[in-house]
Amino acid sequence: MGGKLPPVVAAARKALSTATEPGEFVLVACSGGADSLALAAAAAFLNRKKSLRVGAVIIDHQMQQDSHVVANRAAEQCTDLGLEPVLVLQVEVANDSEESARNARYAAFEQALVMSGATRILLGHTLDDQAEQVLLGLARGSGTLSLAGMPAVRGPYLRPFLSLDRTAIEQICVHEAIDYWVDPTNAAPKYLRNKIRNQLMPVLKDVLGTTIPTSLARTAILARRDAEYLDQLAATQLALLEKFTDPTTLVLSIPALRELPDAVRGRVLRAAVSKLGAPSPNFERLEALETLLFGSKSAGPIQMDGNVQVFRIPKNRSIRGSVAMLKLTKNASTRA
């Protein structure tokens, strides 16, 4: 450290300061890798300036031999930076998958918030991570929100480094004299994200230019703005249309649903299914609901994940002013 402050270090500190409230108590989620240690170093600067109160949480997934050594080393580095408290939590991962590891990790994060009394957790995801996330979303084909990547803020989780690329992160580590750990699983081809990072992204840079990660990250920002606005419209429409006949049954007017713009109607249907405690329907299930809504000869049911079924109820001609309805209900086996 010392000498002229590199612009990337100043940018990192400013990004973190902008993302947080003065004096709040936060934890840095630190793996010992370059991104999280660069984040820890920026947070430590604000901690010394008393702009933030900063601790750290290290999650030992126990998925690699000597993982506890890596976790303890990361804890020592955070302590040396002046972060307090520094928590090391071990988790059990149900199977060797990214999703299981992520679920275990976030459960531990929630535990760390309770244990420490911190209000938020800082995550070290970078612009390159965001670009990869956009490509993962594109591969899934699951709509605008999937292309929106990772949010900068979601609940107690902050990602202040989404505007910084990995080159900047490594420059910060050099300036701060930080010796970071390189996770060997980042090269494992069995994980789709690694294939995108190590195989697809180099081709995209070669064909489309080295700024493609920045372009993808920009796409995420624009897609998230659009998705959040449409979701707000859908939430308003669902509140106007929904009618509960009991806690596990929801009915919606078919004529009113048909009048909605396609982009809003699909979100209303997804939100209605989710409101009954089921996972948001995928593209195929949503298409089935659209078919039911626009005059399929069948009245259903359409089976959703989470034991929610959807029926079409025809207009009751004996009741003046009645309209056809879409009925969403949980199966009896799921009711408390």
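Start counting the sequence shown at 897; every next residue gets the next number (our numbering). Beta carbons are placed, not taken as given, at the ideal position from N, Cα and C, and that holds for glycine.
Proximity of residue i and residue j at Cβ, strictly below 8 Å
i: L935; j: C1069; result: no
i: V922; j: T916; result: yes
i: A1131; j: F1005; result: no
i: A940; j: R909; result: no
i: A997; j: H957; result: yes
i: H1071; j: M1046; result: no
i: T1110; j: L1023; result: yes
i: A1220; j: P1151; result: yes
i: K1226; j: L1172; result: yes
i: V989; j: I954; result: no
i: A1159; j: L1126; result: yes
i: L1146; j: E1138; result: yes
i: A1123; j: L1224; result: no
i: Y1087; j: E994; result: yes
i: A1184; j: V1204; result: no
i: R1120; j: A1044; result: yes
i: V1030; j: T1106; result: no
Residues that DSSP places opposite residue i in a beta bridge
i: Y1076; result: In DSSP, Y1076 forms no bridge with anything.
i: R1050; result: Y1053
i: G951; result: L923
i: D956; result: Q986
i: I1209; result: M1221
i: L1018; result: V924, L1054
i: V1204; result: K1226
i: I1198; result: V1206
Which listed residue (the options) has its alpha carbon closest to that of residue i
i: Y1053; options: E920, L1018, L1126; result: L1018
i: A1048; options: G1202, I1117, V924, E995; result: I1117
i: F1057; options: A1113, A1003, T1106; result: A1113
i: Q960; options: L1172, H1021, N1082; result: N1082
i: S1176; options: G1039, A1044, A1084; result: G1039
i: P1143; options: E995, A1168, D992, A967; result: A1168
i: P903; options: T1063, K1171, I1209; result: T1063
i: R944; options: L1148, L1153, G978, K1101; result: G978
i: D976; options: Q986, V950, V987; result: V950
i: A907; options: D1061, G1202, T1107; result: D1061
i: S947; options: S1170, D962, P918; result: P918
i: R1163; options: K1193, L1129, E1028; result: L1129
i: E980; options: D962, A967, E1186, A1014; result: A1014
i: D1079; options: L901, G928, R1001, K900; result: G928
i: I1108; options: G1202, D962, A1027; result: A1027
i: T1187; options: A1135, L1165, D1201; result: L1165
i: D1025; options: P1157, D992, K1091; result: K1091
i: S1170; options: M1200, A967, P1157; result: M1200
i: R1050; options: I1074, L901, Y1002, L1096; result: Y1002
The ligand SAM heavy atom lying under 7 Å from the CB of residue i
i: P1098; result: Ligands displayed in this structure: none; no statement on the ligand SAM is therefore possible.
Whole-angstrom C-beta distance between residue j and residue i, which should lie under 8 Å
i: I1065; j: A952; result: No, I1065 and A952 are not in contact; Cβ-Cβ is about 17 Å, not under 8 Å.
i: F1207; j: P1197; result: 5 Å
i: G883; j: F1140; result: Here the chain comprises residues numbered 897 to 1232, so residue 883 is not present and cannot be evaluated.
i: S1059; j: A911; result: 6 Å
i: R1016; j: E920; result: 7 Å
i: R1089; j: L1032; result: 7 Å
i: V982; j: A971; result: 5 Å
i: L1222; j: L1148; result: 5 Å
Residue i at chain C interface by Cβ criterion, 8 Å
i: P903; result: Protein chains in the displayed structure number just one, and chain C is not present.
>> If we require 4 or more residues per run, which alpha helix (DSSP H) segments fall completely within the stretch 1100-1175?
In response: The qualifying runs are 1108-1137, 1150-1155, 1158-1171.
> What are the complete beta strand (DSSP E) segments, minimum 3 residues, inside the stretch 964-1010?
Replying inline: Taking only runs of at least 3 residues, the beta strand (DSSP E) segments lying wholly in the stretch 964-1010 are 982-986.
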